[in-house]
Amino acid sequence: MGLVIAACFAVVSSAQARLVAKVDLSSQTLTVIKNGKVMYRWPVSTARRGYRTPTGSWSPKRLHRMWYSRKYDMSPMPYSVFYSGGYAIHGTGAISRLGRPASHGCVRLHPANARTFYSLVKRHGMKNTRIVVQR
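Take the sequence shown: its letters are residues -17 to -1, 1 to 118, numbered as in mature numbering (1 follows the signal peptide of the UniProt record, and there is no 0).
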């Protein structure tokens, strides 16, 4: 586990990211790493069958305290951190589904955890944050 986190941090260190959000699709978890130290590990829901959560590494593109998905019936997306096109890390009301694939592709978190992550990104800045999604 330590090697995976170290490797993850090494990949983004050239970008000078102080805050790293590592989404692991196989374990359905998001690990928040601040200055190389694991701060949080939360269950998430990523893409269910028929959809995809893209893998890769990004800086956040935009933040919204509350966003409504125009594509999916104006579904609420509290504490959205958009990182690639329409893909975001955000809160969900479907907390019973956390820990297994259930979304259209976004990374869903418990609303309290989404709020914490959103606040961390605001505090550290988008250019000092890296989002890494891997299998």
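The beta carbon of each residue, even a glycine, is placed where N, CA and C say it ideally should be.
Note the first and the last residue of the continuous alpha helix (DSSP H) segment covering residue i.
{"i": "Arg105", "result": "Reading off the sequence shown, one finds Lys at residue 105, where the question assumed Arg. Residues Pro94 to His107."}
Over what stretch of residues does the beta strand (DSSP E) that includes residue i continue unbroken?
{"i": "Gln117", "result": "Thr112 to Gln117"}
{"i": "Ile72", "result": "Tyr70 to Gly74"}
{"i": "Pro84", "result": "Element bounds for Pro84: n/a, residue is neither H nor E."}
{"i": "Ser63", "result": "Ser58 to Ser67"}
From this set, the options, which residue's C-alpha is nearest residue i's C-alpha?
{"i": "Lys17", "options": "Gln117, Ser102 and Gly69", "result": "Ser102"}
{"i": "Ser9", "options": "Trp50, Ala30 and Tyr70", "result": "Ala30"}
{"i": "Ala95", "options": "Ser58, Lys105 and Thr75", "result": "Thr75"}
{"i": "Tyr34", "options": "Ser86, Gly19 and Arg24", "result": "Ser86"}
{"i": "Thr112", "options": "Ser58, Ser40 and Thr36", "result": "Ser40"}
{"i": "Met22", "options": "Gly69, Lys110, Phe100 and Ile78", "result": "Phe100"}
{"i": "Arg98", "options": "Pro61, Ala77 and His107", "result": "Pro61"}
{"i": "Trp50", "options": "His73, Ser42, Pro37 and Pro43", "result": "His73"}
{"i": "Gln11", "options": "Met109, Arg32, Lys105 and Val90", "result": "Val90"}
{"i": "Leu13", "options": "Arg24, Lys20 and Gly19", "result": "Arg24"}
{"i": "Lys20", "options": "Lys44, Leu2 and Tyr70", "result": "Leu2"}
{"i": "Phe65", "options": "Arg80, Ser52 and Asp56", "result": "Ser52"}
Please tell me whether residue i and residue j are closer than 7 Å, where the distance is taken between their beta carbons.
{"i": "Pro26", "j": "Gly88", "result": "no"}
{"i": "His47", "j": "Ser63", "result": "yes"}
{"i": "Ala4", "j": "Val15", "result": "yes"}
{"i": "Ile78", "j": "His93", "result": "yes"}
{"i": "Val104", "j": "Val6", "result": "no"}
{"i": "Met109", "j": "Pro43", "result": "yes"}
Checking the sheet assignment: what are the DSSP bridge partners for residue i?
{"i": "Leu13", "result": "Val6 and Trp25"}
Output the residue ranges of the alpha helix (DSSP H) runs that lie fully inside the stretch 15 to 56 and measure 4 residues or longer, sorted by chain position. none
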